[in-house]
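There are 2 protein chains.
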Amino acid sequence: MQSQNISDIIEKYLKSILADAEHVEIRRSEIADLFNVVPSQINYVIKTRFTIQNGYLVESKRGGGGYIRIEKVNLLDDADVLDTLIQVIGDSITQRDAYAVVQSLYEDEVLNRREAQLILVATDRNTLGVDDHDLENSLRARIIIGILNHLRYES
Amino acid sequence: MQSQNISDIIEKYLKSILADAEHVEIRRSEIADLFNVVPSQINYVIKTRFTIQNGYLVESKRGGGGYIRIEKVNLLDDADVLDTLIQVIGDSITQRDAYAVVQSLYEDEVLNRREAQLILVATDRNTLGVDDHDLENSLRARIIIGILNHLRYES
DNA sequence: ATAATGAAAGTCAATATTAGTCAAAGATAA
DNA sequence: TTATCTTTGACTAATATTGACTTTCATTAT
Numbered sequence: 001m002q003s004q005n006i007s008d009i010i011e012k013y014l015k016s017i018l019a020d021a022e023h024v025e026i027r028r029s030e031i032a033d034l035f036n037v038v039p040s041q042i043n044y045v046i047k048t049r050f051t052i053q054n055g056y057l058v059e060s061k062r063g064g065g066g067y068i069r070i071e072k073v074n075l076l077d078d079a080d081v082l083d084t085l086i087q088v089i090g091d092s093i094t095q096r097d098a099y100a101v102v103q104s105l106y107e108d109e110v111l112n113r114r115e116a117q118l119i120l121v122a123t124d125r126n127t128l129g130v131d132d133h134d135l136e137n138s139l140r141a142r143i144i145i146g147i148l149n150h151l152r153y154e155s
Numbered sequence: 001m002q003s004q005n006i007s008d009i010i011e012k013y014l015k016s017i018l019a020d021a022e023h024v025e026i027r028r029s030e031i032a033d034l035f036n037v038v039p040s041q042i043n044y045v046i047k048t049r050f051t052i053q054n055g056y057l058v059e060s061k062r063g064g065g066g067y068i069r070i071e072k073v074n075l076l077d078d079a080d081v082l083d084t085l086i087q088v089i090g091d092s093i094t095q096r097d098a099y100a101v102v103q104s105l106y107e108d109e110v111l112n113r114r115e116a117q118l119i120l121v122a123t124d125r126n127t128l129g130v131d132d133h134d135l136e137n138s139l140r141a142r143i144i145i146g147i148l149n150h151l152r153y154e155s
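So the protein sequences, as listed, match chains A and B. The first sequence begins at 1 in full-length UniProt numbering and counts up by one. The second sequence begins at 1 in full-length UniProt numbering and counts up by one.
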């Protein structure tokens, strides 16, 4: 019923491998062949679904023996998660990236489910309801960063 | 009582599916074709008949493989209290009044301390950081109302 | 060594495929 | 009649797909 588009299916495939392994290493053209899409669609999937906001690191190499390697990283392992995230957010963030950030915080148990939902609602496009996109994205960044900064001062 | 208009019929159709399933996931154009109406009429039906006040959550995605998904949720007992608050807030609220609203929700145990703090941070004048006071107050109203609407149901 | 070749992956913009918005026109009810 | 609800469609926005062109790297030939 769901995931009718190929990108979602490829995403699930890669994540199913990552569920059992530390990382995935693919040959772009092989995955493209496997799902009958053009190679550059793999880049699209990675760019939209395996960002650092989502908690993934991607590295690759071109030329003979080239590869794309995707690794799931745990933000809590970093010296300071919140600082890292705040840097990544900067002064503007899209709803999609915000979702990824909040999801990562939930997975790392910085936020519980209810808190994560609250933040997503507060920063939802429709909630903010401003027509200027730049303003919307900067408000979202301010709200999330405000909350992240608050989290570091409470027990 | 006869309710012979198409919007009512589409409403009944969707609700009959929801009687047996947790949620419905449709392709807008398919339903529009099925009932011989323009696609945007589906939006009209959803907007007028599947509101959160009636206990429905709606989410959608555009682009290839896009969909509209309607989910029936359980409304909580607090729902009418929330209605009252939403009315009181209207389309603008000062930081001081917002504090009072959040405080009372905390006292009524609708929110715990951490959640209350989150909301106050998200709607704080410095967090929002807009110069225009009217805009600030209306953003604050939208955020709090968005959250109150979210608190209506069990997720 | 250096140059040429081929085998990868990357970029980007055009196109395709959905859903959303809004306001005008039409229909119905009060 | 008038107010509200419904229907329609033109326009907008978001997301996905595709392919031509570019860049990088390893290997082979000179």
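Note that beta-carbon positions come from the ideal geometry of N, C-alpha and C, so glycine has one too.
Go ahead and pull the three-state DSSP assignment for residue i.
i, result
"B:Glu11", "helix"
"A:Ile52", "coil"
"A:Glu109", "coil"
"B:Glu115", "helix"
"B:Ile31", "helix"
"A:Arg142", "helix"
"B:Ser155", "coil"
"A:Glu136", "helix"
"B:Ser60", "strand"
Got a sec? Which residues, its chain only, sit under 8 Å from residue i by beta carbon, not counting five neighbours each side?
i, result
"B:Asn74", "Gly55, Tyr153, Glu154"
"B:Leu128", "Glu136, Leu139, Arg140"
Is any beta-carbon of chain A found at less than 8 Å from that of residue i?
i, result
"B:Ser155", "yes"
"B:Met1", "Residue placement at B:Met1 is flagged as unreliable, the pLDDT there being 45, under the threshold of 50; the coordinate-derived value follows with that caveat. No, B:Met1 lies away from the interface with chain A (no Cβ there is under 8 Å from its Cβ)."
"B:Gln117", "yes"
"B:Gly55", "no"
"B:Val81", "no"
"B:Ala122", "yes"
"B:Gly90", "no"
Who are the Cβ neighbours of residue i in its own chain at under 6 Å, not counting the five residues just before and after it?
i, result
"B:Met1", "No answer about B:Met1 holds up, because its pLDDT of 45 lies below 50 and its placement is not dependable."
"B:Gln53", "none"
"B:Gln95", "Arg125"
"A:Leu105", "Leu111"
Comparing the C-beta of residue i with each C-beta of chain B, is any distance below 8 Å?
i, result
"A:Ile147", "yes"
"A:Gln4", "yes"
"A:Arg114", "yes"
Report the option in the options whose CA atom is closest to the CA atom of residue i.
i, options, result
"A:Phe35", "A:Asn5, A:Val88, A:Arg113", "A:Asn5"
"A:Ile26", "A:Glu71, A:Arg49, A:Ile9", "A:Glu71"
"A:Ser7", "B:Ile9, B:Asp8, B:Gly66", "B:Gly66"
"B:Ile68", "B:Ile86, B:Ile147, B:Ala116, B:Val24", "B:Val24"
"A:Ile89", "A:Leu148, A:Leu14, A:Lys12", "A:Leu148"
"B:Leu57", "B:Lys15, B:Ile86, B:Ala98, B:Ser92", "B:Lys15"
Leaving aside the five residues before and after residue i along the sequence, list all residues of the same chain whose C-beta is less than 7 Å from its C-beta, in chain order.
i, result
"A:Ala32", "Val38, Pro39, Gln41, Ile42"
"B:Val110", "Asp78, Leu151"
"A:Ala98", "Thr123, Arg140, Ile144"
Note down, in chain order, all residues in the stretch 125–150 of chain A with a beta-carbon under 7 Å from any beta-carbon belonging to chain B.
-> Per Cβ criterion, the list reads Thr127, Leu128, Gly129, Leu139, Arg142, Ile143, Gly146, Ile147, His150.
Selection of the stretch 6–21 of chain B by Cβ proximity to chain A, strictly under 7 Å | Answer set for the stretch 6–21 of chain B: empty.
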